[in-house]
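Take a look at the structure below.
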Amino acid sequence: MTGRTFAIGDIHGDLVRLRTLLPRLPSLTSADTLVFLGDYVDRGDSSREVVHTMMTLTRYTSAKVVCLRGNHEDAWLVVRERGWPEFVLPEGNGCWDTLRSYTGKPTPGTLPVRPEWDALVSGSFFPEEHVAWMRSLPIWYEDDHAIYVHAGLPMVDGRFPHPKDLADPRPMLWQRSEAFFRQYEGKRVVCGHTPTETLPDLSTHTPEDPTDAWMRSSVVAIDTGCGRGGFLTAIELPSLRVFESR
């Protein structure tokens, strides 16, 4: 018998909300699966601790644990390989918060000094085991209930191919396509990345609250602003029962 799957949205360095949400899930068995949709780092103040939690979570649960890659992990891998100042420098991306989580510097309210700038733009502050873990993260996962991916499925030649048929998988990490949320019909896709409050008003789940999980028949979106002043959301499949950290 197929077990339950619990998909968890973007965490963004918010260890407090992660630790609040997980105990609210039902007791898990070895038949169950936890699928994390990516974006473990940046913006919140505990990126290092969140990554460590993800890397060691199998020690504390009998459920299968699947950690997917998000666009922020993908971006840091690019930074490590060839640099990407356009991503790491804008304050809104939260990369300075990740540097501070790993190194304690720069102190809030102070200007960064040259070694801190260098560490940020190179990503050299990440331990090698954390970089290896990010590199190992799959871009998508599928079970009987749904397809799970960070940002959704891209449209190619007027249709939405299955992830295994995509020549370039990276749009599944980065896209913000309203067409996907409005037009996709197929096996249910569960994703994060795009804040639910920005999505089209097509949700069948408590549409009076735009920050809630966003659902229609073929798409479930659960980026509810964790790490940006929002909360962390999980959804149980196949029941579509919602759990929140708030």
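Numbering (our numbering), first residue to last: 3 to 248.
No residue lacks a Cβ here, since even glycine has one placed at the ideal position from N, Cα and C.
Small disclaimer: the values here were computed from a predicted structure and weren't measured.
Check: Does the distance from the CB of glycine 194 to the CB of isoleucine 224 come in under 8 angstroms?
Finding: With respect to isoleucine 224, glycine 194 sits close: the two C-beta atoms are nearer than 8 angstroms.
Next item on the list: Report buried or exposed for leucine 113, applying the criterion of at least 16 other Cβ atoms within 10 angstroms of its Cβ.
Entry: So leucine 113 counts as exposed.
Checklist line | For arginine 233, three-class secondary structure by DSSP | finding: Rather than arginine, the amino acid found at residue 233 in this sequence is phenylalanine. DSSP, reduced to helix, strand and coil, places phenylalanine 233 within a strand of the structure shown.
Next item on the list: Answer yes or no: do glycine 125 and tryptophan 78 have a C-beta to C-beta separation smaller than 8 angstroms?
Entry: A contact, by the Cβ cut-off of 8 angstroms.
Next item on the list: Specify the secondary structure class of cysteine 228 as computed by DSSP and reduced to three states.
Entry: Looking at cysteine 228 - three-state DSSP - the assignment turns out to be coil, as it is neither helix nor strand.
Checklist line | Short Cβ contact (8 angstroms threshold) for valine 80 with phenylalanine 38 | finding: No Cβ-Cβ contact shorter than 8 angstroms links valine 80 with phenylalanine 38.
Item checked: First through last residue of the beta strand (DSSP E) which encompasses tryptophan 142 -> Here the beta strand (DSSP E) through tryptophan 142 covers 142 to 144.
Check: Once you ignore the five residues that flank tryptophan 142 on each side, which residues in its own chain have a CB closer than 8 angstroms to its CB?
Finding: Hits under 8 angstroms: Leu70, Ile149, Tyr150, Val151, Pro165, Pro171, Met174.
Note to self: I need the DSSP call for tyrosine 150, collapsed to helix, strand or coil.
What the structure shows: In the three-state reduction of the DSSP assignment, tyrosine 150 falls in the strand class.
Check: Any idea what DSSP makes of alanine 169, helix, strand or coil?
Finding: If DSSP states are grouped into helix, strand and coil, alanine 169 belongs with coil.
Next item on the list: Output the boundary residues of the alpha helix (DSSP H) element that contains alanine 9.
Entry: Not the alpha helix (DSSP H): alanine 9 falls in the beta strand (DSSP E), residues 7 to 10.
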